[in-house]
Structure formats: C-alpha cells, structure tokens
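Per UniProt numbering, the sequence shown runs over residues 1 to 257.
Beneath this line is the structure, given in structure tokens, with notes to follow.
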Amino acid sequence: MNEVNNKVLMQTHKLGKTFSHGGTQQHVLKNLDLTLYHGDFTIIMGSSGSGKSTLLYAISGMDKPTLGEVLFEGQDITAMSNDQLAIFRRKNCGFVFQQIHLLDSMSVLDNVLSSAFLVQKDRAGAVEKAKKLLLDVGLDDSIWGKFPAQISGGEAQRAGIIRALINSPKAVFADEPTGALNSSAGLGVLRVLTEVNKQGQSIIMVTHDLKTALRGNRILYLQDGVVIGDLRLSPYSEDSGPERQQQLQSFLTELGW
C-alpha cells in the first residue's frame, strides 16, 4: 500500500484566474496557495462554479493563470511559452477527461501509440509497453484493432487512461473521468486509477461524486476560488469500511456540500 509522501510535486503561489463576461470580471481563482505531493491521489471537490476545473487546467499547464505562479518540481511553468508548455505537458503530464477524445480514425492501440511515439524513441518497446498496459486494464488483443465507435464507453475510457499513462507521467490530471459512464464502467475506471496510484502514480482528480472521492487520500474543497477544506485520509483499499465514507461525508457536510 502506498504511504503519504512528503516530496513536493507542485506548488501554487498567489494563483489567480479571472474571466471577462460582458464587461464584468469574474474572479474564479483567488490568491490560491497550494502544495501537492508525489504519490497522492488528490481529489478536488466543490460546488458548481467553485473553480475546480479552472484550478486543474491552471496547475497542469493546460491554461495560463491571470496572476501568480505554478511551480512543478520547482520549475515555474507559468513563465513558459506555449511551445515550451506543450513539451512540458508531453513529458510530465497525462490527461483523462469526461469526454474521452480518442481519435475516431485510429484503432485503440494506435491511439495509445500516437502519444507514446511523440516521446519515446524505442518504438518497439513502446508497442510492447502499450500492449501490456492495455492487458492490465482488461483490454485484450480483440480490442486493440477496433476503432472507438466499435467499443463501449468504459472500454474507451480505459484506453484513454492507458494513453495518459503510456509515457510514465509524473502526474495524471483527471476531470470528472467517470461522469459520462454507467456505474459498472465508472467503477472499472476508478479501479484502474486506484491501482496505478498504489504503484506510486500521482493523480489529481476533479469530481462531484462522493463514491469517486472516497478513492482519494487527500480531499481539497473549493469555494469561490479558495480552498476552504483540506482532508487527509488513509490510502484507499477495497475493504475500506463505512467509517471512511462517514469521515468524508462529515467533512463535506461541515463545508456546506
């Protein structure tokens, strides 16, 4: 079982994000100071409009904040150009979204390899790694040659996770990855993410779902662009008892969830 790691993965300093709507300014993130750690399964929660996804995009380099800094292992990614950010994300980050974004014109295996070949020079090794990872999540060779339209939503989402993991990223960022799936397919995705976290993979996930949040060992709660709650839990296991859910439920209720 993984243990709490005190090695800093990333930090934000006075992070702010403002959007303009019809001549008015909407301050979505407000002077946010935050430290995230290697090996954590960090869950970001909060009501609609609280800034959850905005925070995820800002710390992953998908979007630039209006103010402040994001340091990834001490490197200021907010000072990078768009080209530098693209290279940074390719080497350090994996992304899993609610909308899966597999390329319709490519097979499942080729979708995974399209990401691998951007980074890995050993193409034969990348192919073998992709096949192993796909097998690990229950996608055997009967699936590899199929196109996204020929597989289920759960299978596509698992393929998307493997695409996110193929380059051994330092962090995987997930935005409501089970939101469009039925309960069975969603559970399969959560089991994959839980297993790779146990192996040391850092995960930062946005969710509004209590059962999904139970997978995390750290829960951050946002309100109006500010973290107002920070809960530490033990690493998740399949035999986690009802006290875990009760602890999380109490934490969320106190914050007005």
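Cβ atoms here follow ideal geometry from the backbone N, Cα and C, with glycine treated the same way.
Next item on the list: Tell me where the beta strand (DSSP E) around T12 begins and ends.
Entry: Counting along the chain, T12 sits inside the beta strand (DSSP E) bounded by residues 8 to 21.
Item checked: Beta-bridge partners of I219, as assigned by DSSP -> Beta-bridge pairing links I219 to I43, L231.
Check: What is the rounded straight-line gap between the Cα of I151 and the Cα of F117?
Finding: Looking at the two C-alpha atoms, the distance is approximately 23 Å.
Note to self: Going by DSSP, what residue range makes up the beta strand (DSSP E) through G68?
What the structure shows: Counting along the chain, the beta strand (DSSP E) containing G68 begins and ends at 67 to 72.
Margin query: Please return the same chain residues whose Cβ sits closer than 7 Å to the Cβ of V8, not counting the five positions on each side in sequence.
Written below: The beta carbon of V8 lies closer than 7 Å to those of T35, Y37 in the same chain, with the five residues before and after it left out.
Notebook entry, point to check: Ends of the beta strand (DSSP E) at S202?
Noted result: The continuous beta strand (DSSP E) containing S202 extends over residues 202 to 206.
Note to self: Assuming I162 and V112 are in contact, meaning their beta carbons sit under 8 Å apart, how far apart are those beta carbons, in whole angstroms?
What the structure shows: Yes, they are in contact, since the Cβ atoms of I162 and V112 sit about 5 Å apart, within 8 Å.
Next item on the list: Go to Q98, then tell me how far its alpha helix (DSSP H) extends in each direction, as first and last residue.
Entry: The continuous stretches of alpha helix (DSSP H) do not include Q98, and DSSP gives it neither H nor E.
Item checked: Spatial distance of F95 from V172 (CA atoms) -> One C-alpha to the other measures close to 6 Å.
Check: Would you say S50 and L222 are within 9 Å of each other, going by their C-beta atoms?
Finding: Taking 9 Å as the Cβ cut-off, S50 and L222 qualify as a contacting pair.
Item checked: Inter-residue spacing [alpha-carbon to alpha-carbon] between N167 and Q25 -> Rounded to the nearest angstrom, the two C-alpha atoms are 39 Å apart.
Next item on the list: State buried or exposed for R123, treating a residue as buried only when at least 16 other CB atoms are found within 10 Å of its CB.
Entry: For R123, the number of other beta carbons within 10 angstroms of its own is below 16, and it is reported as exposed.
Checklist line | Environment of N82 [buried if 16+ CB atoms lie within 10 Å] | finding: Around the CB of N82, fewer than 16 other CB atoms lie within 10 Å, so the residue is classed as exposed.
Notebook entry, point to check: What are the residues that DSSP puts in a beta bridge with T35?
Noted result: Beta-bridge partners of T35 (DSSP): Q11.
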